[in-house]
RNA sequence: GGUCGGUUCGUCUAGGGGUUAGGACGUAUCCCUUUCACGGAUAAAACACGGGUUCGAUUCCCGUACCGACUACCA
C-alpha cells in the first residue's frame with residue numbers, strides 16, 4: 055500500500071515570516087498538490103522565550119494573501135491535531151523516555167556554568183570542537199556517569215535536567231537528499247544534542263521527528279540551514295525504529311543578499327530599499343517594523359510567480375505561471391543546488407507583466423480607491439479609461455492614479471523648463487485657433503478626431519506640428535512627458551480641453 | 001577552526017564528453033512613437049583555477065581557491 059503524500063510547513067512564530075520561509079511554504083504546497091497529497095501547517099513554538107505575539111496571525115495572513123492553503127492547520131484541524139507544539143507538550147516526554155530505555159538518550163544535570171567551563175577547558179586544551187559528545191560526556195554530570203541511585207535522587211528532588219541524545223562514537227550516517235543526493239557524515243562530528251529542555255519542552259530536533267512521524271509526513275522540504283542537523287534526524291528515526299516511514303528530505307538552496315554574500319536578511323531590505331517580508335510587520339512590544347511586498351504594491355500572483363522561480367525553473371523558456379500551472383510543472387528534481395541572489399528588478403518585471411495582463415475593470419478598483427484617498431470621486435467608466443491609458447507605463451497599481459490624476463485634477467502649473475524652451479509664437483497661434491475649433495466641434499471627440507483637428511489647425515497656420523507638439527502637451531497637461539496626448543484629449547473632452555488651452559495661453563508668456 | 005553544501009553572462013538560469021554554450025531580468029543601441037513609456041529588433045556579457053580520464057572536457061574524477069550554512073536547554 056502506498057502512503058498518502060503529506061507535507062508540512064513548520065514555521066516558528068518568532069516574528070515576521072521571512073520571504074525564504076514563504077518560498078519554503080510554497081514549494082511544500084506545490085509538491086503536495088502535485089502529488090495529490092495533503093499540506094499541513096504546524097506551529098513550532100517550543101521556545102517560549104522567543105514567542106512573539108501576532109507572529110502566528112502574520113504567518114496565516116501572509117499565506118492566505120498568496121493563496122497557499124492548508125488541508126490541516128491550527129484553524130482547520132484534521133486527525134493530527136493539535137497543530138501547535140506547545141499544545142502537544144504532554145506527548146513528547148514519553149518519547150524521550152523511550153529513547154532512554156532503548157539506550158539512545160540520557161539525563162544530564164550540568165548547569166550552564168558547568169557547560170561553559172567544559173567548553174573553556176576544551177578550548178584551552180586545543181580541542182578543535184568543544185562539544186558534549188561521546189568523549190566529553192564521560193566527564194559530565196549525567197545518567198551515564200552518575201549512579202542509578204544518584205540519578206533517581208536528583209530526579210526526585212526536582213533538580214533541573216535535560217535529556218540528551220546519545221550519539222554513537224563511530225557510525226557512518228547516510229542521508230539521502232532529493233536535491234543533493236547522498237550525503238555522508240560521521241557520527242563523531244555530531245554532538246549529544248539536547249532533546250528535552252529543562253523547562254519540559256522538547257527541542258526542535260525531538261519535536262520535529264516525533265511530530266513528523268505522528269503526522270505521517272512523507273516529505274520534508276526545508277531550508278539548507280537544516281542540512282547539518284539532518285544526520286541527527288536520521289539517527290533519531292533509527293533510534294525510534296521508524297526508519298520504514300522516515301520522510302524523504304529535500305534541502306532548499308538559500309536566498310542570498312543581492313550584493314556581496316550571505317543569507318538575505320531584514321537589514322538588506324532596509325538598506326537596499328525593498329521588502330524582505332510578504333506583509334508589513336510591526337512588533338508591538340519592541341516597535342520593530344518591516345516593509346511588506348503586499349503594501350509596496352506587489353500583486354500576489356506576480357509575487358508568487360517570482361518566488362517560485364527563486365531556485366526552481368520549469369526547464370523551458372516559460373516564465374509566467376499561475377498557481378495551477380506551477381503545480382502542474384513543479385518537480386523537486388528541477389530545484390537548483392546553489393544559493394540564489396535576490397533580484398528585486400526581476401520581481402518588478404513580474405509585477406508589470408501581471409499588471410498589464412489584468413482587465414481594466416480590476417485595475418480601475420485600485421485607481422478609484424487611491425483617488426478617493428485624495429478626496430476625488432472618479433467614475434468607473436473614467437477610471438477604466440485612465441487605466442487603459444497608463445497601465446503600460448507602471449509597475450505598481452498605486453502608480454495608476456499617480457500617473458493619470460493630472461487629467462482629473464485641475465491644471466495649475468507648468469513645467470518651467472519646458473516652457474522656456476518650447477513655448478513660442480507658433481504654438482500660441484496654433485493653440486489659440488485650436489481652442490476655438492474645439493469649442494465649436496460637433497460630434498464624437500475621440501483620439502482620432504482630436505488629432506485630425508489639430509493637424510488641420512497647424513496646416514491652416516502653415517506651421518509644422520512637430521515644432522509645437524511639446525508646447526501643446528505643456529499647455530494641456532503642464533508637463534513635457536506623459537501618455538498618448540490625443541487619448542488624453544479624448545478623455546478631457548472638448549470643454550475642459552479648450553479651457554486648459556485658454557488658461558495656458560493666459561498664463562504663459564513668450565520669451566523670445 | 002571543524003563538519004556539510006555550493007560554484008555557467010552583473011543577476012536568475014538551460015544545457016551537458018564534440019554546441020556559434022540557449023533563454024529571461026538588467027544594461028546599451030536601433031526601430032516604432034510628433035514626448036516619455038510600452039512593444040519589436042540588435043549588441044555587449046559566462047562555464048572559478050590546476051591536474052587527471054579521454055581522440056576530445058565547460059560537462060566525469062581528484063585537488064585548490066572562493067562563497068555559504070551549521071557549529072545553543074533557537075528554530
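Residue numbers (my numbering): 55 to 566. Backbone N, C-alpha and C define an ideal beta-carbon position, used for all residues, glycine too.
- Secondary structure of residue 238 (DSSP, three-state): strand.
- Excluding its 5 nearest sequence neighbours in each direction, residue 127 has C-beta neighbours in its own chain below 7 angstroms: 94, 95, 137, listed in chain order.
- Taken through DSSP and simplified to helix, strand or coil, residue 335 comes out as strand.
- If the five residues before and after residue 172 are omitted, its C-beta is found closer than 8 angstroms to the C-beta atoms of 164, 184, 186, 190, 193, 194, all from its own chain and listed in chain order.
- Taking the C-beta atoms as reference points, residue 106 is found no nearer than 8 angstroms to residue 65.
- In this structure, residue 334 lies near residue 346, with their beta-carbon atoms less than 8 angstroms apart.
- Note: residue 226 is bridge-paired with 240 in the DSSP secondary-structure output.
- The residues 84, 362, in chain order, have a CB closer than 6 angstroms to that of residue 380 in the same chain once the five nearest residues on each side in sequence are set aside.
- Residue 544 counts as buried, since no fewer than 16 other beta carbons sit within 10 angstroms of its beta carbon.
- The segment 370–388 and the segment 465–485 do not touch, with fewer than three beta-carbon pairs separated by less than 8 angstroms.
- By the C-beta criterion, the segment 418–431 is judged not to be in contact with the segment 314–322, since fewer than 3 inter-stretch pairs fall below 8 angstroms.
- In this structure, DSSP gives residue 474 a helical state, which the three-state scheme calls helix.
- In the three-state scheme derived from DSSP, where H, G and I count as helix and E and B as strand, residue 158 is classed as coil.
- Of 270, 292, 227, 238, the smallest CA-CA separation from residue 56 is found for 270.
- In this chain, residue 169 is not harboured by any beta strand (DSSP E); it is covered by the alpha helix (DSSP H) spanning 166–178.
- The beta-carbon separation of residue 223 and residue 236, rounded to 22 angstroms, does not stay under the 8 angstroms limit for a contact.
- Spanning the alpha carbons of residue 213 and residue 177 requires a straight line of approximately 28 angstroms.
- If only uninterrupted alpha helix (DSSP H) runs of at least 4 residues are considered, those enclosed by the segment 332–407 are 347–350, 354–362, 377–383.
- For the pair residue 531 and residue 555, the CB atoms are not nearer than the 8 angstroms cut-off.
- In the structure shown, the three-state DSSP call for residue 304 is strand.
- Rounded to whole angstroms, the separation of the alpha carbons of residue 218 and residue 246 is 6 angstroms.
- Of the candidates 443, 62, 487, 62 places its Cα closest to the Cα of residue 123.
- Around residue 484, the same chain offers 511, 512, 515, 517, 522 as residues with beta carbons nearer than 6 angstroms, after the five sequence neighbours per side are excluded.
- Here the alpha carbons of residue 436 and residue 426 stand approximately 14 angstroms from one another.
- For residue 543, the enclosing alpha helix (DSSP H) starts and ends at 539–561.
- In the DSSP assignment, residue 462 falls outside any beta strand (DSSP E) and within the unbroken alpha helix (DSSP H) covering 452–462.
- Listed as beta-bridge partners of residue 317 by DSSP are 310.
- Judged by DSSP in its simplified three-state form, residue 248 adopts strand.
- The shortest C-alpha to C-alpha distance from residue 331 to any of 120, 88, 91, 498 is the one to 120.
- Here residue 433 is exposed, its C-beta having fewer than 16 other C-beta atoms within 10 Å.
- Residue pairing by DSSP places residue 218 opposite 160, 248 in a beta bridge.
- Between residue 196 and residue 162, the C-beta gap is smaller than 8 angstroms, which places the two residues in contact.
- Partner residues in the beta bridge of residue 95, as assigned by DSSP, are 63.
- Excluding its 5 nearest sequence neighbours in each direction, residue 273 has C-beta neighbours in its own chain below 6 angstroms: 61, 301, 302, listed in chain order.
- Here the alpha carbon of residue 450 sits roughly 47 angstroms from the alpha carbon of residue 299.
- The DSSP-derived three-state label of residue 275 is strand.
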